[in-house]
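In this note's numbering, the protein residues as written are 178 to 670.
First up is the structure itself, then whatever we jot down about it.
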């Protein structure tokens, strides 16, 4: 039956492509193709998860076999066509004109088609995920959550708003800066301001999401509130990418690369955004309610407060190289801002803001997050972008590490060192080593997906928002074939 359902799903995909090329009846082709793909995925998922999933590392698709490389190549080609050669997708795009007209009142674009396919993938593979973890309430909750937020807030509401308020730019309520790196570009801000109260309200909501809403939710729930419950990137990784989660690199080299790369991307996003906002603000209040000087003073004050908080108050939480990187970036940013306040140059960072914006858009927004981040699911695992490149994950990771109540607690005395937790951690965390030591897991990269807890046969791991002080510790340290006493437990009164 699994082969039959696979063929049905493949027929749906082929009919979508062929129907576009031959310019067949648009509505009929859409209904038939999406219906076949839905039946194929859901039917396959039902058959697959009637029993435990075995042979993960023997399966050609989930073990970097030939099928995985072909799928990765197809995904990469699709993203390259989508970003740079969308004219080749024009026949397929035209199939979606009736649906786009009914929702937004406009002809379909490549981004509307991408939104449809993206949302459809999350919904149908979300059903597959629900089958797989049907006995786990937390996995059921977060899967239904990402399906809801993707369909309602990322797809349906923006299209309806485009129909009702055509003067407001496309707005995804859950896509927060710096993940939404173009949120504060001049043309968008101008449209928000010129559209009246609703547009200004959305612009203020974007700012509040960064400085108030996000920190509060991260303090309470950790970064999982966004990365595992809301974010569209995480939604696709958790649903369509679930088959490949065990392929994440757990090596120390990968961890070191992750620490530097994701924060370099964050720094790039900050510099680019500051440069772009500086470029369209004026020295008076003739255009906006904030002057160029006011913006620079705000950035300078925020930079100083963060440096003091990170390097003085939270110094013990950060490694030496992290403190050094923060200090260097803070000095550079503060120096350029002071230069802007004194000299009022045309370009704040000596480069045109448009050059920075286009560079970020190409290297990070297109190649990293799209071509590599999704195209390499079958090779590097499903969270490549989230782990190595997402600037939003970097910010939330800082907050989770420094002041969040969320952590994964471990009952070390029950750990049998089976390694399931580490194997299925899509962020490459060596969960087993924490469990063996009975040490709570507070990692900036942890997205709180809870799969480590779900696959643990002994109930060692538990996701909590506050840790009891008397949490059980393992009386033994286990390193390879050697054992040593945990004196912290023995000396505890």
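Using N, Cα and C, we set each Cβ at its ideal position, and we do this for glycine too.
- Three-way DSSP call (helix, strand, coil) for residue 587 in this model: Numbered from its first residue, the chain shown carries residue 587 at position 410. DSSP places residue 587 in strand when its eight states are reduced to three.
- Item | Bridge-paired residues (DSSP) for residue 639 | One-based indexing of the chain shown puts residue 639 at position 462. 586, per the DSSP bridge assignment.
- Item | Same chain, Cβ closer than 6 Å to residue 507, neighbours up to 5 away in sequence not counted | Taking the first residue of the chain shown as position 1, residue 507 is located at position 330. Answer for residue 507: 480 and 484, listed in chain order.
- Query: Which class does residue 198 belong to by DSSP, given the choice of helix, strand or coil?
  - Reply: As a working note, residue 198 is residue 21 in the chain shown. Residue 198: helix per DSSP, three-state reduction.
- Who are the Cβ neighbours of residue 649 in its own chain at under 8 Å, not counting the five residues just before and after it? Your numbering for residue 649 matches position 472 in the chain shown. With a pLDDT of 45 at residue 649, under the threshold of 50, the predicted position of this residue should be treated as unreliable, though the coordinate-derived value follows. 588, 589, 590 and 615.
- Residues sharing a beta bridge with residue 618, DSSP: On the chain shown, residue 618 is found 441 positions in, with the first residue counted as 1. Answer is 585.
- Report the residue from 415, 223 and 209 whose alpha carbon sits nearest the alpha carbon of residue 318. Counted from its first residue, the chain shown places residue 318 at position 141. Cα-wise, what sits closest to residue 318 is 415.
- Near residue 446, which residues of its chain fall below 6 Å by C-beta distance, leaving aside the five closest residues on each side in sequence? Within the chain shown, numbered from 1, the residue matching residue 446 stands at position 269. Around residue 446: 355, 358 and 568.
- Query: With 16 other CB atoms within 10 Å as the buried threshold, where does residue 336 fall?
  - Reply: The residue labelled residue 336 in the question sits at position 159 within the chain shown. Residue 336 is buried by the Cβ-count criterion.
- Message: Does the segment 333–350 come into contact with the segment 508–526, if we say contact requires no fewer than three beta-carbon pairs (one atom in each stretch) closer than 8 Å?
- Response: no
- Message: Is the beta carbon of residue 186 closer than 8 Å to that of residue 214?
- Response: As a working mapping, residue 214 is identified with position 37 in the chain shown. As a working mapping, residue 186 is identified with position 9 in the chain shown. Yes, they are a contact pair.
- Run the CB neighbour count on residue 565, radius 10 Å, all protein chains shown included, and call it buried at 16 or more, exposed below. Your numbering for residue 565 matches position 388 in the chain shown. That one is buried.
- Query: Would the beta-carbon of residue 295 fall within 8 Å of that of residue 413?
  - Reply: Sequence index remark: in the chain shown, residue 295 carries index 118 (1-based). Sequence index remark: in the chain shown, residue 413 carries index 236 (1-based). For residue 295 and residue 413, yes; Cβs fall inside 8 Å.
- Query: Can you give the Cα-Cα distance for residue 189 and residue 219, rounded to whole angstroms?
  - Reply: As a first step, residue 189 must be located in the chain shown, where it is residue number 12. As a first step, residue 219 must be located in the chain shown, where it is residue number 42. Using only the alpha carbons, I get a separation of about 13 Å.
- Just how far apart, CA to CA, sit residue 554 and residue 456? Walking along the chain shown from the start, residue 554 turns up at place 377. Walking along the chain shown from the start, residue 456 turns up at place 279. Going from the Cα of residue 554 to the Cα of residue 456 covers about 37 Å.
- Leaving out five residues before and five after residue 608 in sequence, what residues of the same chain have Cβ atoms less than 6 Å from its Cβ? Indexing the chain shown from 1 puts residue 608 at position 431. 598, 599, 602 and 629, listed in sequence order.
- Task: Output the distance between the C-alpha atoms of residue 248 and residue 401, rounded to the nearest integer angstrom.
- Result: As a working note, residue 248 is residue 71 in the chain shown. As a working note, residue 401 is residue 224 in the chain shown. So the alpha carbons of these two residues sit roughly 29 Å apart.
- Message: My assumption, with CB atoms under 8 Å, is that residue 293 sits in contact with residue 351. Please give the rounded CB distance.
- Response: Against the chain shown, residue 293 aligns to sequence position 116. Against the chain shown, residue 351 aligns to sequence position 174. Going by Cβ atoms, the distance from residue 293 to residue 351 rounds to 18 Å, so no, they are not a contact pair.
- For residue 503 and residue 191, the rounded distance between their alpha carbons: Locating residue 191 in the chain shown gives position 14, counting from the first residue. Locating residue 503 in the chain shown gives position 326, counting from the first residue. Spanning the two alpha carbons is a distance of roughly 50 Å.
- Thinking C-beta only, is residue 477 closer than 8 Å to residue 468? Against the chain shown, residue 468 aligns to sequence position 291. Against the chain shown, residue 477 aligns to sequence position 300. No; because the gap between Cβ atoms is not below 8 Å, this pair is not in contact.
- What number of angstroms, rounded off, separates the C-alpha of residue 376 from the C-alpha of residue 496? Walking along the chain shown from the start, residue 376 turns up at place 199. Walking along the chain shown from the start, residue 496 turns up at place 319. Rounded to whole angstroms, residue 376 to residue 496 spans 42 Å at the Cα level.
- Whose CA, out of 299, 493, 341 and 237, lies closest to the CA of residue 331? Here residue 331 is taken as the residue at index 154 of the chain shown, counted from 1. Of 299, 493, 341 and 237, the residue nearest in Cα terms is 299.
- Message: Tell me the rounded alpha-carbon separation between residue 486 and residue 549.
- Response: Counted from its first residue, the chain shown places residue 486 at position 309. Counted from its first residue, the chain shown places residue 549 at position 372. Going by the C-alpha atoms only, they are around 35 Å apart.
- Task: Classify residue 320 as helix, strand or coil using the three-state DSSP reduction.
- Result: The sequence position of residue 320 within the chain shown is 143, counting from 1. Helix.
- Task: Check each candidate in 369, 433, 539 and 403 and name the one with the smallest Cα separation from residue 449.
- Result: The count along the chain shown starts at 1 and reaches residue 449 at position 272. Here the closest residue by C-alpha is 539.
- Got a sec? Which residues, its chain only, sit under 6 Å from residue 585 by beta carbon, not counting five neighbours each side? Within the chain shown, the letter at position 408 stands for residue 585. Cβ neighbours of residue 585 beyond the five flanking positions: 618, 638 and 640.
- Message: I want to know whether the segment 229–243 touches the segment 415–429 - three or more CB-CB distances under 8 Å.
- Response: yes
- Name the two residues that bound the continuous alpha helix (DSSP H) containing residue 244. Your numbering for residue 244 matches position 67 in the chain shown. 243–261 is the extent of the alpha helix (DSSP H) around residue 244.
- Message: Using 8 Å as the threshold, is the C-beta distance between residue 452 and residue 605 below it?
- Response: Position 275 of the chain shown, counting from 1, holds the residue named residue 452. Position 428 of the chain shown, counting from 1, holds the residue named residue 605. No, these two residues do not count as a Cβ contact at 8 Å.
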